[in-house]
Structure formats: C-alpha cells, structure tokens
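**Q** Read in order, the letters of the sequence shown are residues -18 to 516 in this note's numbering. We put the beta carbon where it would ideally sit given N, CA and C, even for glycine.
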Amino acid sequence: MDKNMFCFQCEQTIGCSGCTGNSGVCGKTADTAKLQDELTGALIGLARAVDSTTAVSKKTSQVIIEGLFTTVTNVNFDNASIENMIQKVRAEKERLAPDCSKCQSPCGKTDEYDMQQLWNADEDTRSLKSLILFGIRGMAAYAYHAAVLGYEDDEVNLFFCEALFKIGYEENTETLLSTVLKVGEINLKCMALLDKANTETYGTPEPTEVTLTVEKGPFIVVTGHDLKDLQLLLEQTSGKGINIYTHGEMLPAHAYPFLKKFPHLKGNFGTAWQNQQKEFDHLPAPILYTTNCLMPPKNSYADRVFTTEMVAFPGTVHIDEKKDFTPVIEKALELGGYKEDQILTGINGGTKVTTGFGHAAILSHADTVIKAVKSGDISHFFLVAGCDGAKPGRNYYTEFVKQAPSDSVILTLACGKFRFNDLDLGEIGGLPRLMDIGQCNDAYGAIQVAVALADAFECSVNELPLSFVLSWYEQKAVCILLTLLHLGIKNIRLGPSLPAFLSPNILNFLVENYGIGPITTPEEDIKALQSGCVQ
C-alpha cells in the first residue's frame, strides 16, 4: 500500500475508507501514523517473545498495555513520545529474549511485524485482524485504568499477547473469527475488573445531579477517564481557592462517594470531546487531559493545555508519573477564571444533568422496574449509548431520544449522552426516564442490568423489551461491540456509519448471525425496534 499513511480505525476516517494523505481526520500527521504502525509491529515482536504457556510478567504487561493505549485515536500526537514508547517495547523484548539480537542464524520467531503486511492483506483477513487489533487497543485503555488503581488480571494480560501474536501470524478465517469473539469475552472480564477497581476505590456510584454553571474565580477543567488523576488533583488543590470541573467522559466522577466529598468538585463544563476547540477557545482556565479525546489545540488555549498518562501533544506541558500538578495549579491562579458566574447549558438548553445510575443503583430498584414492565407502565428500554463525534448525522441520537415513546426508558453511557443528557424526560414510577450509567467502560453495568432483567423475566436478553442503539467513534467502542457480540446480543443498531474496516463478507457475517444494522431514521428505527421487526 503505497500511501503517505494508512489509518481507518476511527468512525470519521476519510470517505469511510481510510486516511491516506499527509494527515488524518483526527489531526495526526502521516509521520505519527507511521510511528504508530512501527509501535504496533514492535508490540507484536514483543508478544512473540513471551512464553504464552505461563502468565505474562507485570512489567511486560505494563509495556504492552501502555503501547496499545498509545495508539488509540486522539491519545498521543507527539512523535518523540511514541518513539520513546517504541524503544521501551524493544528494551522489554531484549530483556525477555536477550540472545535473539546476537544470534548468528536468526529464526525470525521474535521479529517485529511489518504492518504493511496487514494493510495489504486480502480484505477479509485485514478486516478480522483489524477488529482484533482495534478491540485490544480499546481494551488496553480499560486495563490501564484498572492497573493504575492496583487491579490486574493474568488472563486479561496474557490475552493481549495471544491476540497480538494472532495478528502477526497467518491464520485462517475461522480462527480469526474465534479470536474476534474472544476479544469480546476477555473485554467483559476487563470491564468487570475496572468496575471493581472503581467501586472498591471510590465507592458505589449514586444518582447525582450535576450543575453546568461555572462559578467565578480560578478553576481547572479535567477531561478524559482517569479517576485517579482527578482524585490527585482534587487533593492537591484542596484549600487553594480553585474549583474543579469535569468535562466529557469525566462527568460520572461526580457520582462516586469518595470524590463527592471534595467541596471544590463543583460541576461539569462543556459537552463532548468534538466541541472542545470551540468550548476551550480563550477559556480562562487550564485543561488537564487524562486520556483521549485530545484534539490539536487552537492557539487561543494551547498554553493552558496539560497532558498526563499516555496523552501527549507537541509543545504542551506533560505531567509525569510523579503527578505533581503544580504547573496546572499555577496556571489556574494566573488565569483567574471568570469574573462572574457563567450559567452554561447543554446542547438542548438544560442547565443541569444527572449521572450515577450504575448497575447497583438501577438494580436497587429492580422490583419497581419489574412491576412497571409487568403493568405496562414501561413498554421498552432503549440503550442509546456510545461515542460522540463531529460527523454530520449524529443529531439522530438526540431526535431518537426525543421521539422515544413516553412510556419507554432511555439508558445511556459514554460521551454520546451529551447529545441529550440535558433533556428533562420526566419519570416513570418514581424513576427518571433517562438514566446515565456512566463512562464507556460502564457498558459492563448496562450488561449486568440486562442480565438481571432477563433472569427476573426468565428469558434471554434478546427476548427482553430492550434495544441497543449505539454510536461509535474509536477503539473502545469496538471492544464493547465485540463484547455484546460475544454475549449473543442481536439486532444492534450502529451509527452514524459502519466501520470502514468491515469488509463486505465480514459485515454480511455480522448481519446474518447477529442482525447488526445501520441506523436509518429515528421514526423508522423506534417503530422497528419496538415491534421486533428488525432486519
């Protein structure tokens, strides 16, 4: 494939076929894309050096997880940082197989993989291996966040090596399909691990109303997913007269009891990631990026962008593993914040949102929910969830929620909720019709709710009055989708467009075996999903 670059891992890829020019739609340059390929090839070389018959070491797992996370969309734009990660991977392989680099008759068994072999493979092989690769990239983000809190799983860690090995090996379609579904299986374990890590560390999320008003005075905006970074920042800013506001996927942090105890965790600023260049324009406060999604910052606020963990962008200040947030704090005090309170709104004009309806909160009202379904007060559940993005057509999800019958319940999670989470949809049986389960990884919670309802009604999840209407953008959405497929969930609606990396044959397999299909119009999809007449 003779291109400046090739990348088709995100929903916004050019022409729904791939970014091949001097830069991608996400903003990364061709050089960055090539380094990401080189890093992936090095990771496959490292996986080849691992003894897959035993548990992978903690050190090796950390390197692999960090390397995969680095390649997730909108995480790392800094070539020097990626080059350092490549050297870190190579050093770890040298530690595991020191004789390979000195061998006079190399066998090639631990060689790095040339990603051009994947991009130039037949389209079905490329499609299946891409599903595996993008799935484990997303899963690596979840494993990383769990590890930060001290939670790891040997089976999850070993599977990263297994999956990377399969990507670099000539496998038949049947084996690759099996591995694709195994990504979903292991990701379920990984999400369960992160759920355990978050709840045991910060408490069980509880329904919490969050204001969108920003008070006058110095403040810091924290975006991303890493609750540990938020905790450390809250501790370091305590008593300094600086307020903290979440942004994007950090919104659900307000629901955790441990984090709620900090009085200067005030509210949420802005909406989803794709609006940041507008919302952060001339913002009188610093922004701390703990994970994706980072967009190339405009000059009007580039001096107040701070990154940490795996996130990096050239020319911005990176907070290292020591987690000394002094530069962020000093910038907040220097900028001073707004002179007066700012009454901000969501995209529909609402001035507050509610989060914290995790699986424990919802299932604590299981009797109420079951009674409402049996009495006919609740006709249907719609899980309208996933990533937000900039591509036209995503207002579909806003209209879907607005048009959903008044006796239906909307469950949501991830940043796609910002399309409608400021709407007041009323209540059914004392419970809100719109319930935000949490971050994208809290798809685990949605699954637990679905399984519990299925058990209560003595039926399968597919037989419940429950429909999945998903939006996707990056690789964490891929691993969640694979988890749903692993569980046998059928008739998922996916949009705003289908992944470019699905070949016609693989897409047809998913349609025939799982009933997966593209979104159409809110009216048509609501009617079809409620009646069960899905194609």
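Taking one C-beta from the region 88 to 103 and one from the region 122 to 132 each time, how about it: are there three or more such pairs within less than 8 Å?
**A** Verdict: no, contact absent.
**Q** Mind checking if GLN98 is an interface residue toward chain C, Cβ cutoff 9 Å exclusive?
**A** The displayed structure is made up of one protein chain only, and chain C is not part of it.
**Q** Taking only the alpha-carbon atoms, compute the straight-line gap between ASP308 and HIS346 and give it to the nearest angstrom.
**A** Against the sequence shown, residue 308 aligns to sequence position 327. Against the sequence shown, residue 346 aligns to sequence position 365. In the sequence on display, residue 308 carries Pro and not Asp. Between PRO308 and HIS346, the C-alpha separation is close to 45 Å.
**Q** Taking only three categories from DSSP, how would you classify LYS163?
**A** Position 182 of the sequence shown, counting from 1, holds the residue named residue 163. LYS163 sits in a helix when the DSSP states are folded into three classes.
**Q** Evaluate SER356 with the Cβ neighbour count: other Cβ atoms within 10 Å of its Cβ, from every protein chain shown; 16 or more gives buried, anything less gives exposed.
**A** Here residue 356 refers to the residue found at position 375 when the sequence shown is read from its first residue. Classification for SER356: exposed.
**Q** What does the alpha-carbon distance come out to for the pair ASN256 and ILE117?
**A** Counted from its first residue, the sequence shown places residue 256 at position 275. Counted from its first residue, the sequence shown places residue 117 at position 136. Spanning the two alpha carbons is a distance of roughly 27 Å.
**Q** Across which residues does DSSP place TYR319 in a beta bridge pair?
**A** The count along the sequence shown starts at 1 and reaches residue 319 at position 338. In the DSSP output, where bridge partners are listed per residue, TYR319 has GLY198.
**Q** Would you say ILE451 and ALA385 are within 9 Å of each other, going by their C-beta atoms?
**A** Looking up residue 451 in the sequence shown gives position 470. Looking up residue 385 in the sequence shown gives position 404. Note that residue 451 is Leu in the sequence shown, not Ile. Contact flag unset, no.
**Q** For the candidate residues GLY498, CYS274, LYS247, THR189, whose alpha-carbon lies nearest to that of ALA253?
**A** Taking the sequence shown and counting its residues from 1, the one referred to as residue 253 is at position 272. Answer by Cα proximity: CYS274.
**Q** What separation, rounded to the nearest whole angstrom, lies between the Cα atoms of PHE146 and ILE46?
**A** Against the sequence shown, residue 146 aligns to sequence position 165. Against the sequence shown, residue 46 aligns to sequence position 65. Going from the Cα of PHE146 to the Cα of ILE46 covers about 15 Å.
**Q** Report the rounded CA-to-CA distance for ILE63 versus GLU408, giving the unit in angstroms.
**A** Here residue 63 is taken as the residue at index 82 of the sequence shown, counted from 1. Here residue 408 is taken as the residue at index 427 of the sequence shown, counted from 1. So the two alpha carbons sit approximately 48 Å from each other.
**Q** On the criterion of 16 or more Cβ atoms from any shown chain inside 10 Å, does SER108 qualify as buried, or is it exposed?
**A** Working through the sequence shown from its first residue, we reach residue 108 at position 127. Its Cβ being crowded by 16 or more others within 10 Å, SER108 is buried.
**Q** Do you know offhand how far VAL515's Cα is from ASN472's?
**A** The residue given as residue 515 occupies position 534 in the sequence shown. The residue given as residue 472 occupies position 491 in the sequence shown. Summary for VAL515: the model assigns pLDDT 45, below 50, so the residue's position carries little reliability; its value from the coordinates is reported in the next sentence. Roughly 7 Å between the two C-alpha positions.
**Q** Quick one, which of TYR183, LYS40, THR194, THR54 has its alpha-carbon nearest ASP135's?
**A** As a working note, residue 135 is residue 154 in the sequence shown. Ranking the options by Cα distance to ASP135, first place goes to LYS40.
**Q** On the three-state DSSP scale, how would you describe VAL515?
**A** Along the sequence shown, one-based indexing puts residue 515 at 534. Low per-residue confidence applies at VAL515: pLDDT is 45, beneath 50, and the placement is therefore not dependable enough to give any value.
**Q** Between ASP80 and ALA23, what straight-line distance do the alpha-carbon atoms span, to the nearest angstrom?
**A** Position 99 of the sequence shown holds residue 80. Position 42 of the sequence shown holds residue 23. If you take the alpha carbons of ASP80 and ALA23, they lie about 17 Å apart.
**Q** Mind checking whether GLY119 and CYS460 have CB atoms under 9 Å apart?
**A** As a position in the sequence shown, residue 119 is number 138, starting the count at 1. As a position in the sequence shown, residue 460 is number 479, starting the count at 1. A contact, by the Cβ cut-off of 9 Å.
**Q** DSSP three-state call for HIS206: helix, strand or coil?
**A** Indexing the sequence shown from 1 puts residue 206 at position 225. Of the three classes helix, strand and coil, the one that applies to HIS206 here is coil, per DSSP.
**Q** Quick check: the Cα distance between VAL129 and ASP207, rounded to an integer number of angstroms?
**A** Counting from 1 along the sequence shown, the entry for residue 129 is found at position 148. Counting from 1 along the sequence shown, the entry for residue 207 is found at position 226. Near 9 Å, if we compare the C-alpha coordinates of ASP207 and VAL129.
**Q** Using the rule of at least 16 other Cβ atoms within 10 Å of the residue's Cβ for burial, across every protein chain shown, is GLN151 buried or exposed?
**A** By 1-based counting over the sequence shown, the position of residue 151 is 170. A small fix is needed here, since residue 151 is Glu in this sequence, not Gln. GLU151 should be labelled exposed.
**Q** So, is GLU321 buried or exposed, given that buried needs 16 or more other C-beta atoms within 10 angstroms?
**A** Translated into positions along the sequence shown, residue 321 becomes position 340. GLU321 is exposed by the Cβ-count criterion.
**Q** Taking buried to mean at least 16 other C-beta atoms within 10 Å of its own C-beta, is ASN422 buried or exposed?
**A** Residue mapping note: residue 422 aligns to position 441 of the sequence shown, counting from 1. By the neighbour-count rule (16 or more Cβ atoms within 10 Å), ASN422 is buried.
**Q** Mapping the DSSP letters down to three states, classify VAL354 as helix, strand or coil.
**A** The count along the sequence shown starts at 1 and reaches residue 354 at position 373. Under the three-state reduction of DSSP, VAL354 is assigned to helix.
**Q** How would you label CYS(-12), buried or exposed, when you count the other beta carbons within 10 angstroms and need 16 or more for buried?
**A** Residue mapping note: residue -12 aligns to position 7 of the sequence shown, counting from 1. Answer is buried; the Cβ neighbour count reaches 16.
**Q** Taking the C-alpha atoms as reference points, what is the distance between LYS74 and LEU16?
**A** The residue labelled residue 74 in the question sits at position 93 within the sequence shown. The residue labelled residue 16 in the question sits at position 35 within the sequence shown. So the two alpha carbons sit approximately 18 Å from each other.
**Q** What is the rounded straight-line gap between the Cα of GLY476 and the Cα of LYS304?
**A** To locate residue 476, count along the sequence shown from 1; it is residue 495. To locate residue 304, count along the sequence shown from 1; it is residue 323. Distance between the alpha carbons of GLY476 and LYS304: 38 Å.
**Q** For ILE67 and LEU415, what's the separation of their Cα atoms in angstroms?
**A** Taking the sequence shown and counting its residues from 1, the one referred to as residue 67 is at position 86. Taking the sequence shown and counting its residues from 1, the one referred to as residue 415 is at position 434. In a straight line, the C-alpha of ILE67 is about 44 Å away from that of LEU415.
**Q** Report the CB separation of ILE517 from PRO199 in whole angstroms; it is logged as a contact under 8 Å.
**A** The structure shown does not extend to residue 517, since the chain is modelled only from -18 to 516, so the question has no answer here.
**Q** Since HIS361 sits in a beta bridge, which residues does DSSP pair it with?
**A** Mapped onto the sequence shown, residue 361 falls at position 380. For HIS361, which the question treats as bridged, DSSP gives the partners SER389.
**Q** Does the Cβ-Cβ distance between GLU290 and GLY205 come in under 9 Å?
**A** Taking the sequence shown and counting its residues from 1, one reaches residue 290 at position 309. Taking the sequence shown and counting its residues from 1, one reaches residue 205 at position 224. With contacts defined as CB atoms closer than 9 Å, GLU290 and GLY205 qualify as a contacting pair.
**Q** Would you check if the distance between the CB atom of PHE141 and the CB atom of VAL37 is smaller than 9 Å?
**A** Stepping through the sequence shown from its first residue, residue 141 is reached at position 160. Stepping through the sequence shown from its first residue, residue 37 is reached at position 56. Contact: yes.
**Q** Alpha carbon to alpha carbon, what distance is there between GLN98 and GLY251?
**A** Position 270 of the sequence shown, counting from 1, holds the residue named residue 251. Position 117 of the sequence shown, counting from 1, holds the residue named residue 98. The straight-line gap from Cα to Cα measures roughly 42 Å.
**Q** With distances taken between CB atoms, is the gap from LEU264 to LEU214 smaller than 9 Å?
**A** Numbered from 1 along the sequence shown, position 283 holds the residue referred to as residue 264. Numbered from 1 along the sequence shown, position 233 holds the residue referred to as residue 214. Taking 9 Å as the Cβ cut-off, LEU264 and LEU214 do not qualify as a contacting pair.
**Q** What residues in its chain sit with their C-beta under 7 Å from that of GLY397, if we drop five residues either side in the sequence?
**A** As a working note, residue 397 is residue 416 in the sequence shown. Answer for GLY397: ALA366, GLY367, CYS368, ASP369, TYR378, SER452, listed in chain order.
**Q** What are the partner residues of ARG474, as DSSP defines its beta bridges?
**A** Against the sequence shown, residue 474 aligns to sequence position 493. Under DSSP, ARG474 shares a beta bridge with VAL450, GLY498.
**Q** Could you give the DSSP three-state label for ASP423: helix, strand or coil?
**A** Here residue 423 refers to the residue found at position 442 when the sequence shown is read from its first residue. The answer is helix: DSSP assigns ASP423 an H, G or I state.
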